[in-house]
Amino acid sequence: MRDEVACISFVRKNTTIPTPCLLFRPRRRTEYICIEEIAGVTLESQLEHMTIPELDCVASQLRSHIGQLRKLESRGISSVNGGPLRSCYLWDPPKQPLRKVGEFNQHLREAFRRVYRSSERGDRIVECFPMNSAITFTHGDIGPQNIILQGSTVFLIDWGVSGWWPEYWEYCRMRQ
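Add 1 to a position in the sequence shown, counting from 1, and you land on the number used in my numbering.
Right, dumping it as structure tokens:
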């Protein structure tokens, strides 16, 4: 939760991306926060019924949102606070921030080797990832379930795994 609070604050301060306001965060270590409820519907619930012009409008705003995130200054591969990444999508997240994409890819290679119990399969997967990718600020979980449509405005919610990731990470996450 601490990282999500920091991400929401960081994104609201440094971009114009519509994001919920943080309403309350208990002082004690707890696993909840209170954020503004965005009156609207998820893209997931509307996708099948939308017209091409409506989809174009959503795509245009998402392109702008992602473009704003990409312009934020990199701190290496880390959480918004500069600590290690936190993600339920990594079986074994790095224990500390990483400086280079090659280090991140090596970490993935080792994780895939453990999961698949095969160095060959892990190597083949990671060889698909660029070694010299840029490090960019990434939402980390952009999908139709985390996109809220409020009239013609596109909000992004669920910033819990945001941080500085290899540029390819957002695309990989969206494909899952």
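Using N, Cα and C, we set each Cβ at its ideal position, and we do this for glycine too.
DSSP three-state call for residue i: helix, strand or coil?
i: V6; result: helix
i: G77; result: coil
i: C22; result: coil
i: L157; result: strand
i: G164; result: strand
With residue i as the anchor, note down where its beta strand (DSSP E) starts and where it stops.
i: P131; result: First-last for P131: undefined, no H or E at that position.
If you count every other CB in all the chains shown that lies within 10 Å of the CB of residue i, and 16 or more means buried, which is it?
i: I53; result: exposed
i: E37; result: exposed
i: H50; result: exposed
i: S61; result: exposed
Under DSSP, the alpha helix (DSSP H) around residue i begins and ends at which residues?
i: I148; result: Taken as a continuous stretch (DSSP letters only), I148 belongs to no alpha helix (DSSP H), being part of the beta strand (DSSP E) at I148 to Q151.
i: P95; result: Where P95 is concerned, there is no enclosing alpha helix (DSSP H), given that its DSSP letter is neither H nor E.
Between the C-alpha atoms of residue i and residue j, what's the straight-line distance to the nearest angstrom?
i: I126; j: S119; result: 11 angstroms
i: G152; j: V116; result: 44 angstroms
i: R110; j: G84; result: 21 angstroms
Would you call the segment 61-80 and the segment 13-28 touching, i.e. three or more CB-CB distances under 8 angstroms?
yes
So, do the segment 93-111 and the segment 38-47 have three or more beta carbon pairs nearer to each other than 8 angstroms?
no
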